[in-house]
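Undergrad: Chains as they are written, first to last, in our numbering: chain H, 28 to 361; chain C, 28 to 361.
The C-beta atom is built at its ideal place from N, Cα and C for all residues, glycine as well.
Have a look at this one.
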DNA sequence: GCACTGATTGGCAGCGCTGCCATTCTCCTC
DNA sequence: GAGGAGAATGGCAGCGCTGCCAATCAGTGC
């Protein structure tokens, strides 16, 4: 129905100028509140804008001037709550500063990442935000050549291209291990998801087992789920792990989703937590604070990561690495 | 460090043409694989593209031709898993069809929505995707005048502007009530979050209490949390509700997050579910299937909503309303 | 060898806006 | 009233690409 009305081409700045009886540059100046013009002119222009329903064309504006004020996010997943949280932190800052967020999802695939980065760069964004430091050679080359800011998020164990905001996953894994050891657990298992693709989970695991090894209590066993992480696969993973190793006294999960699955498995099968089995997660999801026993975990600054990253970009900060740290949350499952 | 290298302006199509010894239009044709050119020319162009690291400028391309292939999402929230799920469903389809997703978050505020829609329209997107049918007069006017496709998501109770994809929230509420009634529950309470802002939750609640009323078992009591929904507020809400009404035999929650909070409260306080109190949610989150007792809920096609919406847009389908329905999941909490 | 058809190719005018520069107005100052 | 400093304004050349059209080239039939 509205289709008939659709194709009258959109109002242009020139038409507004005509309608207001002023020059194009005057309209442009008024709309951007930049340069000088009289109050009377301003009113006349705004009246015409209002009357014609003019919406500036930023495609044209960007081409003519410089910055697109577009910030591109190339993220691995939207199922993993981490990334919506980062986007959430960033979007507030970006909106306040008249920037726009564009995103695409790589599904943890470096080749897709490469293709998507290329597609994003075609929009000449102000900045590109990526997860972590592991990128293909070509991706890195494109980013370097692009001239736009690059922010690598949620990791610190690697070399930054330009800006980096996050925390050390390796240290998070180590801290988790040290905590469990200090609590006296010795027969510790691990339940995780695909570590090759999710390199940050891989780094946590490396830090974790490294610390266990250093303390003379190496990882007893582990169960890796081939796909992504989920509550369901956490439950299943723990079930399988326990079927092999009944003597475990603690299990470290690759994140809270998995850990909650494990916790529910214990609840459902009468496994006393933590006396029979301790459970430790990662992320510090809200839900983990409300379970009958609050989940022991590492709380990560996901929203802040997005916020800070966006702030660095809109203020055009010099290249730097920002360590936001993490916080160990001592729940009741350890 | 790379900052020094940054400001050599990006390679342009003209430079590629020069380097390959062909005309600009030939390069353009080769890159878009559109029109005809010889194999030899193609190779020569691609070689130059490769060598110079050329990345097409879609800002310029869009200005010169037509479609931006940008799809704008103006969503209420990223904390509510519903919206990441919708984005997830859409992003796959969009990426496969060389479209890009831009988004911004209104925080359930119609005025912010208005401002953000205006900002989005400045990019001349192919389509704008919004949540629900409730928009300000000015928002509607801008959208109608914009000439771009409009998709209203996740609701069916209202009048569509152009395309709509979702399901009836009112019917979901009604179905939930009828299910509880059929199970014999009569003293039913409600725990929810801010219904004025989240109009879809409001419609579910309306459908729910309407059905209860029609069956002669009107809602016994309700507890509304002023802010957004969360597991924590669900727990707290149930606690408060039960403090007032010890005699309830079932509680309907505005969504699964809230319901899980309520369920955890029961687990922690020895309230037998469902014999003492039945719990019913909404959304059908994965986690609800793995709790010791699977949660009774309504499963909504969130990812499919995003996917279908994107498909309609990329295929430029005629205006229509797509009802994706929902599914009642009979868990063990009722 | 010549006309004819269709495949290839290059030239160039915009797309709608911004930035620069020149011009015109205002308002003071002396 | 002349001279001068700004303020206010308009004109117009691009930004980098695509779409259109004209020009050129290659292959075919006779």
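Does chain C have any CB closer than 8 Å to the CB of residue 347 (chain H)?
TA: False, the Cβ-Cβ gap to chain C never drops below 8 Å.
Undergrad: Would you grab the beta carbon distance between residue 256 (chain H) and residue 236 (chain H) for me? Rounded to a whole angstrom, and I think it's under 8 Å.
TA: So it is not a contact: roughly 18 Å between Cβ atoms.
Undergrad: Just the C-alpha distance for residue 136 (chain C) and residue 222 (chain C), rounded to the nearest angstrom, thanks.
TA: Distance between the alpha carbons of residue 136 (chain C) and residue 222 (chain C): 13 Å.
Undergrad: Hey, is residue 280 (chain H)'s beta-carbon within less than 8 Å of any beta-carbon in chain C?
TA: No, because no Cβ of chain C sits closer than 8 Å to the Cβ of residue 280 (chain H).
Undergrad: Using the Cα positions of residue 197 (chain H) and residue 146 (chain H), report the straight-line distance between them to the nearest angstrom.
TA: If I take the Cα positions, the gap works out to 32 Å.
Undergrad: Chain H partners of residue 127 (chain C), CB-CB under 8 Å?
TA: Neighbours of residue 127 (chain C) on chain H, chain order: 129, 131, 146, 147, 150.
Undergrad: For residue 290 (chain H) and residue 207 (chain H), which I take to be in contact (beta-carbon distance under 8 Å), what is that distance rounded to the nearest angstrom?
TA: That pair is no contact at about 15 Å.
Undergrad: Which residue from C:226, C:286, C:113, C:347 puts its Cα closest to that of residue 358 (chain C)?
TA: When only C-alpha atoms are compared, the closest one is C:286.
Undergrad: Going along chain H in order, which residues have a C-beta closer than 9 Å to the C-beta of residue 294 (chain C)?
TA: Within 9 Å Cβ-Cβ: 294, 318, 319.
Undergrad: Given that a residue counts as buried once 16 or more other Cβ atoms are within 10 Å of its Cβ, and exposed if not, what is residue 311 (chain H)?
TA: It counts as buried.
Undergrad: Based on Cα-Cα distance, which residue from H:315, H:47, H:335 lies nearest to residue 79 (chain H)?
TA: When each option's Cα is compared against that of residue 79 (chain H), the closest is H:47.
Undergrad: Is there a Cβ from chain H that is less than 8 Å from the Cβ of residue 343 (chain C)?
TA: Closer than 8 Å: no.
Undergrad: With DSSP as the reference, please indicate the residues paired to residue 140 (chain H) in a beta bridge.
TA: Residue 140 (chain H) pairs with nothing; no bridge assigned.
Undergrad: For residue 31 (chain H), which of helix, strand or coil comes out of DSSP?
TA: The pLDDT assigned to residue 31 (chain H) is 40, lower than 50, so where the model puts this residue is not dependable; a value taken from the coordinates is nonetheless given after this. Residue state, collapsed to three classes: helix.
Undergrad: Buried or exposed: which applies to residue 141 (chain H), given that a residue is buried once 16 or more other Cβ atoms fall within 10 Å of its Cβ?
TA: Flag for residue 141 (chain H) reads buried.
Undergrad: Indicate whether at least one CB of chain C lies closer than 8 Å to the CB of residue 85 (chain H).
TA: Yes, because at least one Cβ of chain C sits closer than 8 Å to the Cβ of residue 85 (chain H).
Undergrad: Put residue 296 (chain H) into one of helix, strand or coil per three-state DSSP.
TA: Correct three-state label for residue 296 (chain H): coil.
Undergrad: For the stretch 163-196 of chain H, list every residue whose C-beta sits within 8 Å of some C-beta in chain C, in sequence order.
TA: Against chain C - using a Cβ distance shorter than 8 Å - the residues of the stretch 163-196 of chain H are 168, 169, 171, 172, 173, 174, 188, 189.
Undergrad: Could one say the Cβ of residue 314 (chain H) lies closer than 8 Å to chain C's Cβ atoms, at least one of them?
TA: It does: the Cβ of residue 314 (chain H) has a partner Cβ on chain C nearer than 8 Å.
Undergrad: Could you round the C-beta distance between residue 348 (chain H) and residue 120 (chain H) to whole angstroms and report it? I think they count as a contact, below 8 Å.
TA: Actually they are not in contact, since the Cβ atoms of residue 348 (chain H) and residue 120 (chain H) sit about 19 Å apart, beyond 8 Å.
Undergrad: Give me, in chain order, the residues of the same chain whose beta-carbon lies closer than 6 Å to that of residue 28 (chain C); leave out the 5 immediate sequence neighbours on both sides.
TA: The pLDDT assigned to residue 28 (chain C) is 38, lower than 50, so where the model puts this residue is not dependable; a value taken from the coordinates is nonetheless given after this. No residues qualify anywhere along the chain.
Undergrad: Residues in the same chain with beta-carbon distance under 7 Å from residue 258 (chain C), minus the five sequence neighbours each way, listed in chain order, please.
TA: Only 284, 287, 288 meet the Cβ criterion.
Undergrad: Applying the criterion that 16 or more other CB atoms from any shown protein chain within 10 Å of the CB defines a buried residue, is residue 345 (chain C) buried or exposed?
TA: Exposed is the call here.
Undergrad: Which runs of the alpha helix (DSSP H) at least 4 residues long sit entirely within the stretch 145-224 of chain H? Give them in chain order.
TA: DSSP runs (the alpha helix (DSSP H)) wholly in the stretch 145-224 of chain H: 164-173, 196-209.
Undergrad: Can you give me the C-alpha to C-alpha distance between residue 60 (chain C) and residue 37 (chain C), rounded to a whole angstrom?
TA: Taking the straight line joining both Cα atoms gives about 22 Å.
Undergrad: Quick one, which residues of the stretch 83-115 of chain H are near chain C if we go by CB-CB under 7 Å, in chain order?
TA: The residues in question are 83, 84, 85, 86, 87, 89, 90, 95, 105, 106, 111, 114, 115.
Undergrad: At the 8 Å Cβ level, is residue 232 (chain H) part of the contact set with chain C, yes or no?
TA: Cβ-Cβ to chain C under 8 Å: no for residue 232 (chain H).
Undergrad: State the CB to CB distance for the pair residue 295 (chain H) and residue 319 (chain C), rounded to an integer number of angstroms; the pair is presumed to be in contact (CB under 8 Å).
TA: Indeed they touch by this definition, with Cβ atoms about 4 Å apart.
Undergrad: Within this structure, are the beta carbons of residue 202 (chain C) and residue 105 (chain C) separated by less than 8 Å?
TA: No, the pair does not count as a contact, with Cβ atoms beyond the cut-off.
Undergrad: Under a three-way DSSP split, which group does residue 86 (chain H) fall into?
TA: Of the three classes helix, strand and coil, the one that applies to residue 86 (chain H) here is helix, per DSSP.
Undergrad: Suppose contacts are defined by Cβ-Cβ distances below 8 Å. Is residue 114 (chain H) in contact with residue 333 (chain H) by that definition?
TA: Cβ distance < 8 Å, so residue 114 (chain H) and residue 333 (chain H) count as in contact.
Undergrad: Less than 8 Å between the C-beta atoms of residue 220 (chain H) and residue 260 (chain H), yes or no?
TA: Yes.
Undergrad: Any chance you could list the beta strand (DSSP E) runs of at least 3 consecutive residues sitting entirely within the stretch 37-80 of chain H, in chain order?
TA: List check, beta strand (DSSP E) in window: nothing returned.
Undergrad: Roughly how many angstroms separate the alpha carbons of residue 269 (chain C) and residue 275 (chain C), rounded to a whole number?
TA: Their Cα atoms are separated by approximately 7 Å.
Undergrad: Is residue 327 (chain H) buried or exposed, if buried means 16 or more other CB atoms sit within 10 Å of its CB?
TA: With 16 or more Cβ atoms within 10 Å of its Cβ, residue 327 (chain H) is classed as buried.
Undergrad: Thinking residue 247 (chain H) and residue 216 (chain H) are a contact (beta carbons under 8 Å), I'd like their distance in whole angstroms, please.
TA: Rounded, the Cβ-Cβ distance is 5 Å, consistent with contact.
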